[in-house]
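Asker:
Numbering (full-length UniProt numbering), first residue to last: 1 to 603.
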């Protein structure tokens with residue numbers, strides 16, 4: 001296959017890559033003269049022409065510059081930089097029209113849209129209802145000035161309101177705007193908030209997700225992602241000031257991960273410990289550091305990253321999502337314990353969410369446009385669909401395939417063939433040994449395997465059945481490629497798990513199989529919120545906590561935490577005293593009766 005630039009047979013006319021860089025176009029003006037030869041550098045090709053005895057063309061060039069050796073080196077380096085930026089590792093060109101001796105032909109390449117900020121396209125939803133401050137109006141303090149509660153949140157006043165849309169607005173006036181929750185006035189009830197971000201489109205992360213918090217970063221938080229438009233969720237990363245206490249996970253840094261476990265879900269303490277609300281506002285999901293494991297600290301070796309994207313199972317899916325969700329579990333505390341006398345300083349506030357990503361088009365499109373409110377790939381290679389995930393009607397191949405980054409730098413487009421091209425059957429079924437039968441479905445323009453075995457399913461028997469997950473240590477053609485999920489029925493939402501074997505847990509449950517509880521919950525055929533404990537939910541007035549399920553109160557107190565006196569009036573006290581007497585009389589008789597009998601017998 002010919003490259004994207006002109007070769008010895010013809011010239012390539014680029015399509016789909018956008019305007020050519022001006023610094024590359026201007027290179028055509030450099031003509032470097034030597035005693036025996038001249039090096040002609042222009043925007044279309046490089047060649048070295050030997051001087052001949054023929055008289056030179058006397059037509060003056062448009063611009064001519066005579067360069068010394070130092071300037072020559074600079075010009076060559078500039079040229080190489082421009083060519084590299086246009087052709088290596090960008091995958092921004094789907095096809096080019098190449099002129100050959102046999103005529104003009106289209107040359108196809110794997111391609112993908114440019115990365116951009118997805119903040120402008122996301123749909124934001126917060127829950128539970130009523131978590132946003134301002135209805136009714138409420139005063140609040142800051143952790144730095146906890147007793148100066150002069151700030152107010154009022155949803156009816158635009159200057160004092162903090163609605164969810166302020167997480168994604170453009171702050172052009174210099175005034176910081178932010179979404180804010182109600183304060184923790186209902187402590188010890190947990191202050192919980194979910195922020196769901198939806199795009200109705202598969203996206204691929206290209207840089208760090210950054211969440212900017214005003215007035216302090218959360219003490220505990222979880223970032224989740226969904227790949228099926230919010231139907232199922234899986235944890236992306238845990239954040240806590242004490243990972244072991246909050247999530248029963250050892251703290252880790254992304255830079256400590258190896259290439260083999262780069263997709264591991266970790267808990268980090270890097271973004272949760274109190275450093276002051278103004279010193280560091282950001283919480284990150286580190287994408288660049290994960291890329292750097294393969295491409296180097298400055299991401300100069302992108303070929304290595306793209307090669308790993310193709311060869312390492314689950315790596316591309318790890319950066320793919322349709323929805324994101326922030327679960328805010330515990331607000332910033334200012335580096336201390338909860339101070340019950342001033343709960344107005346505890347809340348969440350987010351001023352900005354940045355999600356750098358590109359549309360996932362399966363390497364079949366270089367453009368992604370907003371159409372009727374949704375992002376849509378502008379598909380090439382005879383593909384169609386929102387993600388270019390199927391062949392066009394009238395085209396069919398042995399099976400639809402995503403494009404491939406390999407071989408670099410142009411990749412493989414895996415173009416859908418025109419209808420009537422031979423598709424084969426029997427031995428041509430691509431079922432990884434889990435079936436020897438396949439069928440062409442005319443309506444969908446695909447060839448699909450039939451009767452997949454070994455707990456597999458899918459067009460090529462490449463996926464696991466529901467209730468099973470992929471064995472990462474087995475090849476696709478291994479009979480043991482799918483492992484049963486074995487989700488705990490009481491702790492999990494259903495019997496299905498994600499690609500790493502983690503089940504979707506009910507609220508409060510955790511662990512790969514959802515058979516354990518988060519701190520603050522106890523297990524009793526499922527996870528339930530602690531009624532009491534020995535740290536925060538203390539039984540009062542001498543009460544004792546029984547298995548985190550209830551407080552056993554002294555007779556004169558009642559309530560969930562034994563916080564209420566039974567004697568709220570004379571009648572209540574008299575009733576309580578009478579009840580106590582009824583209990584004491586039989587006890588006294590039991591103690592005194594033997595002594596009375598002994599005395600009477602003696603006399």
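A virtual CB, placed ideally from N, CA and C, is assigned to each residue, including glycine.
Can you tell me whether residue 521 is helix, strand or coil according to DSSP?
Answerer: Residue 521: strand per DSSP, three-state reduction.
Asker: Nearest to residue 123 by CA position, among 168, 129 and 146, is which residue?
Answerer: Closest by alpha carbon: 168.
Asker: Just verifying my parser: in three-state terms, what is the DSSP assignment at residue 317?
Answerer: It is helical.
Asker: Nearest CA to the CA of residue 130: which residue from 170, 179 and 112?
Answerer: Here the closest residue by C-alpha is 179.
Asker: For residue 356, list the residues DSSP reports as bridge partners.
Answerer: Looking at the DSSP assignment, residue 356 forms a beta bridge with 117.
Asker: My output table needs one value for residue 267: the three-state DSSP class, helix, strand or coil.
Answerer: Residue 267 falls in the strand class under three-state DSSP.
Asker: Would you tell me roughly how many angstroms separate the C-alpha atoms of residue 605 and residue 290, rounded to the nearest one?
Answerer: Because the chain is modelled from 1 through 603, residue 605 falls outside the range shown and cannot be assessed.
Asker: Is residue 281 close to chain D? Criterion is C-beta to C-beta, closer than 8 Å.
Answerer: In the displayed structure, chain D is absent; only one protein chain is listed.
Asker: Smallest Cα separation from residue 625: which of 496, 309, 390 and 328?
Answerer: Residue 625 lies beyond the stretch modelled for the chain, which goes from 1 to 603, so this question has no answer here.
Asker: Along the beta strand (DSSP E) that carries residue 306, what are the first and last residues, could you check?
Answerer: First-last for residue 306: 302-311, but that is the alpha helix (DSSP H), not the beta strand (DSSP E).
Asker: How many Å lie between residue 153 and residue 390 at the Cα?
Answerer: Whole-angstrom Cα-Cα distance: 50 Å.
Asker: From which residue to which residue does the beta strand (DSSP E) around residue 205 run?
Answerer: 193-205 is the extent of the beta strand (DSSP E) around residue 205.
Asker: Under three-state DSSP, which class holds residue 89?
Answerer: Only weak support exists for where residue 89 lies, its pLDDT of 45 falling under 50; the coordinates are left without a value.
Asker: Using the rule of at least 16 other Cβ atoms within 10 Å of the residue's Cβ for burial, across every protein chain shown, is residue 93 buried or exposed?
Answerer: Buried, since its Cβ has 16 or more Cβ neighbours within 10 Å.
Asker: From which residue to which residue does the alpha helix (DSSP H) around residue 292 run?
Answerer: Note, residue 292: alpha helix (DSSP H), 288-295.
Asker: Output the distance between the C-alpha atoms of residue 336 and residue 268, rounded to the nearest integer angstrom.
Answerer: Distance between the alpha carbons of residue 336 and residue 268: 20 Å.
Asker: Just reading off the alpha helix (DSSP H) that residue 243 is part of, what are its end residues?
Answerer: Unbroken alpha helix (DSSP H) run through residue 243: 243-247.
Asker: Using three-state DSSP, classify residue 221 as helix, strand or coil.
Answerer: Looking at residue 221 - three-state DSSP - the assignment turns out to be strand.
Asker: In angstroms with no decimal places, state the Cα-to-Cα distance between residue 452 and residue 458.
Answerer: Taking the straight line joining both Cα atoms gives about 8 Å.
Asker: Can you look up residue 165 in the DSSP assignment and give me helix, strand or coil?
Answerer: Helix at residue 165.
Asker: Please classify residue 95: is it buried, with 16 or more other beta-carbons within 10 angstroms of its beta-carbon, or exposed?
Answerer: Under this definition residue 95 is a buried residue.
Asker: Does the separation of the CB atoms of residue 358 and residue 114 fall below 8 Å?
Answerer: Cβ distance < 8 Å, so residue 358 and residue 114 count as in contact.
Asker: Would you identify the three-state DSSP class for residue 413, choosing helix, strand or coil?
Answerer: The answer is coil: DSSP assigns residue 413 none of H, G, I, E or B.
Asker: How about the region 305-313 and the region 220-239: do they share at least three Cβ pairs that are nearer than 8 Å?
Answerer: Contact between the region 305-313 and the region 220-239 is absent, because fewer than three Cβ pairs lie under 8 Å.
Asker: Looking at the strands, I want to know which residues DSSP matches up with residue 351.
Answerer: DSSP, once it has assigned bridges, lists no residue as partnering residue 351.
Asker: Work out the CA separation of residue 538 and residue 193 for me, nearest whole Å.
Answerer: So the two alpha carbons sit approximately 24 Å from each other.
Asker: Among 208, 377 and 387, which has the Cα closest to the Cα of residue 288?
Answerer: Comparing Cα positions, the closest option is 208.
Asker: Do you know whose CA, among 566, 184, 222 and 121, lies nearest residue 197's CA?
Answerer: For the residues 566, 184, 222 and 121, the minimum Cα distance to residue 197 belongs to 121.
Asker: Cβ atoms of residue 478 and residue 201: under 8 Å apart, would you say?
Answerer: For residue 201 and residue 478, no; Cβs fall outside 8 Å.
Asker: Give every residue of the same chain whose Cβ lies closer than 6 Å to the Cβ of residue 488, excluding the five residues on either side of it in the sequence, and list them in chain order.
Answerer: Counting only Cβ-Cβ distances below 6 Å, and skipping sequence neighbours, we find 513, 514 and 515.
Asker: My output table needs one value for residue 434: the three-state DSSP class, helix, strand or coil.
Answerer: Correct three-state label for residue 434: coil.
Asker: Report buried or exposed for residue 355, applying the criterion of at least 16 other Cβ atoms within 10 angstroms of its Cβ.
Answerer: Under this definition residue 355 is a buried residue.
Asker: Between the region 272-288 and the region 205-219, do three or more beta carbon pairs fall short of 8 Å?
Answerer: Touching, yes.
Asker: What does the alpha-carbon distance come out to for the pair residue 471 and residue 138?
Answerer: Spanning the two alpha carbons is a distance of roughly 52 Å.
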